[in-house]
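Undergrad:
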Amino acid sequence: MRRSTTAALLALATLAFAGNSIAATTPADAIKYRKAVMSAMAGHTSAFSLINFGRVEHRDHLLAHVDALAALGTQLKVLFPAGTGTGDTDALPLIWQEQEKFGQLITASEKSTAELRAAVTTGDKAATMKAFKAVGESCKGCHDRYRKEDD
Ligand code: HEC
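Residue numbers (my numbering): 46 to 196.
1. Excluding the 5 residues preceding and the 5 following residue 82 in the sequence, name in chain order all residues of the same chain whose CB lies nearer than 7 Å to its CB.
2. So, helix, strand or coil for residue 100, using DSSP?
3. Taking C-beta to C-beta, are residue 158 and residue 115 nearer than 8 Å?
4. Is residue 176 closer than 8 Å to residue 155 when the C-beta atoms are compared?
5. Is the CB-CB distance between residue 183 and residue 137 below 8 Å?
6. At which residues does the alpha helix (DSSP H) containing residue 120 begin and terminate?
7. Could you give the C-beta distance for residue 106 and residue 96, rounded to a whole number, given that I count them as a contact under 8 Å?
8. Exposed or buried, residue 101, counting other C-beta atoms within 10 Å across all chains shown (16 or more means buried)?
9. Which first and last residues belong to the alpha helix (DSSP H) in which residue 188 is found?
10. Taking Cβ to Cβ, would you say residue 132 is nearer than 8 Å to residue 73?
11. From the DSSP output, which residues share a beta bridge with residue 136?
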């Protein structure tokens, strides 16, 4: 009896905590988070490239980088909530004006990171090169249309 009360209380506390943290997310923090995830993707992409093209050793790190990229690829779809198009952001308003088209690019990016992971896991070099190119194109394709150009 006592045990289950404690468990129930703990469950409630966890829920309340989760509820609070969701309600407390400000657009500024959502933007910061988006940039942090994007930067992480860029880090894993560069690290992958340095290893894959033989500029550094560490082939045993390759899978960690593609695992991370594939995992982050699945997060893209929640990184652009409504209300995060203004403030300290380079995201263009067009994102929220053409959600369908933007969503297709997100899906393509998610797919390409998953394919890269699969190609590395099976050790297929040709498929790895092809998938890596597709990943790069998906980043660039989205940035070209939906991100402010660097000044
Ligand atoms: C579906 C669209 C989309 C895809 C796919 C995408 N990005 Fe981005 N990325 C953006 C947008 C929009 C911004 C601007 C975010 C902001 O300033 O709020 C951004 C910002 C960035 C930034 C700058 C972060 C900062 O600190 O300002 C980096 C680095 C980046 N992306 C890397 C990548 C890499 C690497 C990939 C592919 C593996 C990728 N992105 C895929 C849309 C995308």
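For each residue, glycine too, the CB sits at the ideal point set by N, CA and C.
Bear in mind that the values here come from a model prediction, so they are computed numbers and not experimental data.
TA: Once the coordinates are examined:
1. 117, 120 and 124
2. coil
3. yes
4. no
5. no
6. It is not in any alpha helix (DSSP H) - residue 120 carries neither H nor E in the DSSP assignment.
7. 6 Å
8. exposed
9. 170-191
10. yes
11. 192
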